[in-house]
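Visitor: Below is one structure. I have some questions about it.
2 protein chains.
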Amino acid sequence: MAERERAEGPATQVPRNTNLRKLHAGYLFPEINRRREAHLLKSPQAKLINLGPGDTTEPIPPVICAAMELKAKALSTSLGYTGYGFEPGLLSLRSAIAHKLYSSLDIKPTEIFVSDGAKCDIARLQLLFGPKVSVAVQDPCFPVYVDTSVIVGQTGGFLDHLHQYNNVAYMRCTPENSFFPDLSLIPRTDIIFFCSPSNPTGVAASKTQLERLVGFAKANGSIIVYDSAYAMYISDGSPKSIYEIPGAREVAVEISSFSKCAGFAGVRLGWTIVPEDLRYSDGSPVIDDCRRIMATCFGGASNIAQAGGIACLSMEGLIAMHEVMAFYKENAQILLKTFISLGFKAYGGADAPYVWVKFEGRTSWDAFSEVLENVNVVTAPGSGFGPAGEGFLRVSAFAHREDIIEVSNRLKAFYTSSVNQGTQAFGI
Amino acid sequence: MAERERAEGPATQVPRNTNLRKLHAGYLFPEINRRREAHLLKSPQAKLINLGPGDTTEPIPPVICAAMELKAKALSTSLGYTGYGFEPGLLSLRSAIAHKLYSSLDIKPTEIFVSDGAKCDIARLQLLFGPKVSVAVQDPCFPVYVDTSVIVGQTGGFLDHLHQYNNVAYMRCTPENSFFPDLSLIPRTDIIFFCSPSNPTGVAASKTQLERLVGFAKANGSIIVYDSAYAMYISDGSPKSIYEIPGAREVAVEISSFSKCAGFAGVRLGWTIVPEDLRYSDGSPVIDDCRRIMATCFGGASNIAQAGGIACLSMEGLIAMHEVMAFYKENAQILLKTFISLGFKAYGGADAPYVWVKFEGRTSWDAFSEVLENVNVVTAPGSGFGPAGEGFLRVSAFAHREDIIEVSNRLKAFYTSSVNQGTQAFGI
C-alpha cells in the first residue's frame with residue numbers, strides 16, 4: 001500500500017483546467033493512428049497507403065531548399081549570423097508575401113505576421129480573443145478551430161447526443177447547400193471561422209458566397225478568421241483571399257501557410273494578416289493586441305524557414321511550387337474520378353488536394369474501417385470534422401503517384417464486386 | 001465627417017479581451033528599442049553598443065550548421081523528404097536530450113516535449129493551466145511569466161503605485177537575501193515560476209536553496225515551472241536541473257532552450273519536461289493535457305532546427321557549444337570586474353551571461369538613460385523585470401569581444417571622473 005502510493009507519488013493541489021476537461025475524446029489524427037496501428041497488429045502484411053492526415057509527400061523544390069542551406073551555412077559565419085529576429089518576421093519576407101500573393105489587394109507588409117504555421121496562429125488568435133467571445137465554425141471544419149475555442153474557454157461542454165459543443169454555432173456545409181451555409185439560420189457570433197477551399201470538403205467558396213459572408217459579418221459586427229491555407233490550389237477563379245471582397249479589411253483576419261503549397265509541413269512557416277482597419281467594439285485596433293501577443297507568446301519563425309519562404313516567392317520558387325501543386329491536383333482528380341466511376345457521390349478535388357466522399361448508409365468511422373480493412377487505405381472520417389461530416393470520408397491527394405494509382409485500383413477491385421458498391425447495393 | 005468615418009471604417013461589435021486590456025505599457029524590449037531610436041535621432045553619430053536584449057552574437061559552431069544544411073538539402077530529395085513530424089519532436093532528439101543533458105536524472109524521452117523555444121512553451125503552459133490558477137514569480141524575473149499570466153486571465157489589474165499586478169505573488173530576490181526569496185513570506189500559489197541561473201540577475205540557486213523550494217512546493221501542493229534556459233552556463237556545481245532535487249518529479253516541469261547555449265535564438269528550438277509523476281489535484285497526470293495542448297496548438301519545431309539540435313548534443317557539438325559559452329562568460333567577467341572596479345555593486349556573471357548592477361540613488365530608467373546617453377551602451381533596466389529590480393541594470397555579455405572591451409573602456413572613462421562614480425559621489 002505504502003509502496004503503491006510511493007510509485008504514484010502524491011498529487012499536487014493544482015486544479016485541472018476545466019476547459020481541458022471539456023475536450024472530447026482524442027484529437028482526430030491520434031485516433032486515426034490508433035486504429036491504423038490496431039489494423040496492422042491484426043494484418044501485419046497489409047501494405048497500407050496513408051491518405052489520412054493530409055501530409056505532404058513530395059520533395060521541396062531544390063531552389064527553395066538551396067536558400068535554406070545557404071542560410072544554415074551563413075549562421076556559422078560572423079557575417080551571416082543572426083540571433084533573435086523581429087517576432088512578426090523579416091520585413092523582406094513580409095514584403096514578398098504582400099507583393100507576390102496580395103499584389104492588388106492593398107495589404108501592407110506590416111499587416112502581415114509571419115509565424116510557424118496556421119495551426120499555431122489559430123491558437124495565438126484564440127489567446128488574443130480570449131474566453132468571452134462567441135464563435136461559429138463551418139461544419140465540417142478543421143478540428144483545431146473548435147478545440148482551441150474549448151481550450152481558451154469560449155464554449156460549453158460537449159453534447160454527446162449532438163456530437164457538438166454547447167455555445168458554438170455550427171454552420172452546416174453539405175452537398176444540399178453547395179457546401180456554403182444558409183446564413184439566415186446562423187446566430188450572430190463574435191468570431192466566424194471560415195476556410196476556403198475547405199478542409200475537409202475541398203470545395204472553394206465563390207466570390208458571391210464570400211460577399212454574402214462579409215455582408216453577414218458586417219451586419220453582425222463579427223470578425224471572420226479566414227483560413228486560406230489551401231488557397232494557392234484554386235484554379236477556377238474563386239477568390240484566393242478574403243480581401244478580394246470589398247470591405248473585408250474591416251471584418252476579417254486571414255491565416256495562411258507554406259505547408260501545403262511548398263511542402264513546408266515540417267519546416268513550419270505560415271502567416272496571419274491583421275488589417276489596420278479591423279477594430280474592436282471600443283474602437284481600438286486589433287493589430288495592436290496582435291503585435292503584443294506575438295511579442296509575448298512567440299519567438300518568431302525559424303530564420304532558416306524564413307529564408308526558404310523568401311525563395312518560395314521568387315519567380316523560380318513560385319513556378320516550382322505550382323508544379324508540385326498541379327501534381328497533387330492530378331492525384332485528386334484520379335481519386336475523384338475513381339470514386340465517381342464506382343457510384344459514389346464525391347466532391348472537392350478540383351481546387352484543393354482533398355476529395356470528400358459520401359458513403360451512403362454508413363457512419364464515417366464504419367466507412368473508415370471498411371476502407372482500412374478491405375482496401376488497406378487510411379482515410380479521415382468526416383465525422384471527425386463536425387457532425388455534418390457524418391457519413392463522409394476525406395481522402396487526401398498528398399501521396400506519390402504510384403500510391404494514388406494503387407489506391408484507385410484497389411478501390412475498383414473491391415467496390416466493383418456487387419455487394420460492395422458505393423451507392424447502390426449497400427444496405428441490402 | 002463622412003469621409004473620416006470611411007477612412008477609419010466602422011468598428012466591429014467584438015469586445016476587446018479584458019485580459020489584454022490589463023497589460024501594462026509595452027513589453028520591456030520594445031520600450032528599450034523606442035528609447036534607443038530616440039537617442040539615435042538626437043545623436044546620429046553615436047556608436048551604440050547593444051547589451052540590452054540578451055541576443056546571442058557569435059556564429060553557431062560549423063558542426064551544428066552542417067547538420068542543418070544537410071537536412072535542408074535532404075528535404076529536396078525523395079528519400080530525405082519529411083512532412084509533418086510528431087508534434088512533441090523527433091524521438092532521436094528527445095532521447096539525446098534525455099541521455100546527454102539529464103543522464104543521471106531518470107527523465108524519459110517521452111517526458112520531453114521539443115518546441116520552438118522557451119518563450120513559446122511558457123505561453124502554451126499558461127494555456128494548459130488556464131485562468132483559474134494562482135501564480136508566484138521571482139522578483140525580478142523574465143517578464144513573459146507575468147505577461148502570459150495576465151493574458152490568460154490569472155491576475156488582477158496592474159497596481160500603478162506598487163508597479164505590480166494584483167493576485168500575483170512577487171518573491172523578492174535581492175542582494176540582501178542572496179537572490180533567493182524568504183519563502184516564509186510567500187503565500188501558497190498553484191504555480192511557482194522559478195529561473196536559475198536567474199534572468200536577469202545572473203545568479204544560480206544552490207542545491208540547498210532548491211531543496212527548500214521543492215519542499216515549499218510539496219508542502220503547498222504547488223507546481224514549479226522551472227526555467228533552466230541558462231543552466232548550461234553553470235560551473236560552480238549548482239544544480240543544472242530541478243530534477244537534481246529529490247522529489248522534484250512530483251512538483252515540477254522544466255523548460256529550457258538551445259537559444260543561449262547554441263546560439264539558436266533565431267533558429268528556434270527548446271524543450272519542456274513534464275514528468276509522468278506530476279498530477280493535478282484530481283489525480284490526473286499533467287502530461288496527458290500537455291500532449292493534447294501540443295497536438296492542438298502546436299505543429300512541432302522545424303525539422304531543420306531539430307536536426308541542428310541533434311548535432312548540438314553530439315560529442316563535437318557539446319564541446320563546441322561549451323567553447324562559445326566560455327567565451328560569453330569571459331565577457332561577463334570583464335563586465336563584472338569593470339563595474340566592481342568603478343565602485344558599483346555588481347552580481348551574477350559567474351554562472352550566467354548577465355551582470356546585474358546596482359546604481360545607487362537612481363531609478364533603473366534613469367540609470368538606463370545615463371548609460372545610454374553618456375556611454376552609448378544599451379542595457380536593460382532592472383525595473384522592467386519587476387519592482388525588486390528597481391535601481392539595477394541588467395548588462396548582457398552576449399557581444400563580440402571588441403565591443404565588451406570598448407564598453408569596459410567607455411565605462412571607465414565616464415565613471416572614473418569623480419562626479420559620476422557609481423556608489424560614492426552620486427547624490428552630491
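Just so you know, the protein sequences line up as chains A and B, in that order.
1 is the number of the first residue of the first sequence in full-length UniProt numbering; add one for each residue after it.
1 is the number of the first residue of the second sequence in full-length UniProt numbering; add one for each residue after it.
For each residue, glycine too, the CB sits at the ideal point set by N, CA and C.
Which residue wins for smallest C-alpha separation from A:H163, given the options A:A169, A:G391, A:Y415, A:G386?
Guide: The shortest C-alpha separation from A:H163 is found at A:G386.
Visitor: Which residue's Cα is closest to the Cα of A:S196: A:P175, A:G221, A:Y233?
Guide: Out of A:P175, A:G221, A:Y233, A:Y233 has the C-alpha closest to the C-alpha of A:S196.
Visitor: Any idea if B:P140 is buried or exposed, counting beta-carbon neighbours within 10 angstroms, 16 or more meaning buried?
Guide: Label assigned to B:P140: buried.
Visitor: Helix, strand or coil: how does DSSP classify A:R4 here?
Guide: With a pLDDT of 39 at A:R4, under the threshold of 50, the modelled position of that residue is not reliable, and the figure given next carries that caveat. Reduced to three states, the DSSP call for A:R4 is helix.
Visitor: Identify whether A:F398 lies in helix, strand or coil by the three-state DSSP scheme.
Guide: DSSP places A:F398 in coil when its eight states are reduced to three.
Visitor: Identify the contact partners of B:A326 in chain A, using a Cβ-Cβ distance below 8 angstroms as the criterion.
Guide: Residues of chain A passing the Cβ test: none, with the nearest at roughly 18 angstroms.
Visitor: I want to verify the contact list: residues of chain B whose CB lies under 7 angstroms from the CB of A:Y354, in sequence order.
Guide: The premise fails here: A:Y354 is roughly 15 angstroms from chain B at the closest Cβ pair, so nothing lies under 7 angstroms.
Visitor: So is B:I151 in contact with chain A if we call contact Cβ pairs under 8 angstroms?
Guide: Yes, contact with chain A.
Visitor: In chain order, what residues of the segment 222-248 of chain A put their CB closer than 7 angstroms to some CB of chain B?
Guide: Result list: S222, I223.
Visitor: Given a threshold of 16 other Cβ atoms within 10 Å of its Cβ, counted over all protein chains shown, does A:N19 qualify as buried or as exposed?
Guide: Its Cβ being crowded by 16 or more others within 10 Å, A:N19 is buried.
Visitor: Can you find at least 3 beta carbon pairs, one from the segment 349-369 of chain A and one from the segment 295-311 of chain A, that sit closer than 8 angstroms?
Guide: No, the segment 349-369 of chain A does not touch the segment 295-311 of chain A.
Visitor: Hey, how far is the Cα of A:V274 from the Cα of A:L79?
Guide: Going by the C-alpha atoms only, they are around 34 angstroms apart.
Visitor: Shorter than 8 angstroms from the beta carbon of B:T208 to some beta carbon of chain A?
Guide: Chain A, which has no Cβ nearer than 8 angstroms to the Cβ of B:T208, makes this no.
Visitor: Any C-beta of chain B sitting closer than 8 angstroms to the C-beta of A:R410?
Guide: A:R410 does not count as touching chain B.
Visitor: Mind listing the chain B neighbours of A:A262? Cutoff is C-beta to C-beta under 8 angstroms, in chain order.
Guide: Under the 8 angstroms cutoff, chain B gives no residues; its nearest Cβ is about 10 angstroms from A:A262.
Visitor: Taking the alpha-carbon positions, what's the B:R6 to A:V286 distance?
Guide: Only weak support exists for where B:R6 lies, its pLDDT of 43 falling under 50; the value from the coordinates is given anyway. About 18 angstroms.
Visitor: How would you call B:E69, buried or exposed, if buried means at least 16 neighbouring beta carbons within 10 angstroms?
Guide: Buried, by the Cβ-count rule.
Visitor: DSSP state of A:G427, grouped into three classes?
Guide: Note on A:G427: pLDDT 38, under 50, position unreliable in the model; the coordinate value appears next. In this structure, A:G427 counts as coil in the three-state DSSP scheme.
Visitor: How long is the line joining the alpha carbons of A:P131 and B:S103, rounded to whole angstroms?
Guide: Going from the Cα of A:P131 to the Cα of B:S103 covers about 41 angstroms.
Visitor: For the beta strand (DSSP E) holding B:C195, just list the boundary residues, first then last.
Guide: Start and end: 191-195.
Visitor: On the premise that A:F193 lies in contact with A:D227, defined as a C-beta separation below 8 angstroms, what is that separation, rounded to the nearest angstrom?
Guide: A:D227 to A:F193, Cβ: 7 angstroms. Contact.
Visitor: Would B:Y347 pass as a contact of B:T201 if the rule is Cβ separation under 8 angstroms?
Guide: Closer than 8 angstroms, so yes.
Visitor: Report yes or no: do the segment 256-268 of chain B and the segment 35-52 of chain B share at least 3 C-beta pairs separated by less than 8 angstroms?
Guide: The segment 256-268 of chain B vs the segment 35-52 of chain B: no contact.
Visitor: By Cβ distance, which residues of its chain are closer than 7 angstroms to A:G153, with the 5 residues on each side in sequence left out?
Guide: N19, P131.
Visitor: Anything in the segment 73-93 of chain A with a Cβ closer than 7 angstroms to a Cβ of chain B? List those residues in chain order, please.
Guide: Result list: K73, L75, S76, T77, S78, Y81, T82, G83, Y84, G85.
Visitor: Please classify B:F86: is it buried, with 16 or more other beta-carbons within 10 angstroms of its beta-carbon, or exposed?
Guide: So B:F86 counts as exposed.
Visitor: Assuming residue 441 of chain A is part of the alpha helix (DSSP H), what are its boundary residues?
Guide: Chain A is shown from 1 up to 428; residue 441 of chain A falls before or after that span and cannot be answered.
Visitor: Where does B:A273 fall in DSSP's three states?
Guide: Here the sequence assigns Ile to residue 273 of chain B, which means Ala is not the residue at that position. Reduced to three states, the DSSP call for B:I273 is strand.
Visitor: Output the boundary residues of the beta strand (DSSP E) element that contains B:E254.
Guide: Per DSSP, B:E254 belongs to the beta strand (DSSP E) from 252-257.
Visitor: Distance, Cα to Cα, A:G349 vs A:M171?
Guide: Between A:G349 and A:M171, the C-alpha separation is close to 22 angstroms.
Visitor: What are the residues of the segment 103-126 of chain A that lie near chain B, defined by any Cβ-Cβ distance shorter than 7 angstroms?
Guide: Against chain B - using a Cβ distance shorter than 7 angstroms - the residues of the segment 103-126 of chain A are D116, G117, K119, C120, A123.
Visitor: Rounding to the nearest angstrom, what Cα-Cα distance links A:S92 and A:A262 in this structure?
Guide: Going from the Cα of A:S92 to the Cα of A:A262 covers about 18 angstroms.
Visitor: So A:M315 and A:P61 are supposed to be a Cβ contact under 8 angstroms. How far apart are they, rounded?
Guide: A:M315 to A:P61, Cβ: 12 angstroms. No contact.
Visitor: Does A:M321 get closer than 8 angstroms to chain B when you measure Cβ to Cβ?
Guide: Not closer than 8 angstroms to any Cβ of chain B, the Cβ of A:M321 fails to qualify, so no.
Visitor: Under 7 angstroms between beta-carbons, which chain A residues line up against residue 429 of chain B? List them in chain order, please.
Guide: In the structure as shown, chain B begins at 1 and stops at 428. Residue 429 of chain B is therefore absent and cannot be evaluated.
Visitor: What residues from the segment 28-60 of chain A come within 8 angstroms of chain B, judged by C-beta to C-beta, listed N to C?
Guide: Answer in chain order: F29, P30, P53, D55, T56, T57, E58, P59, I60.
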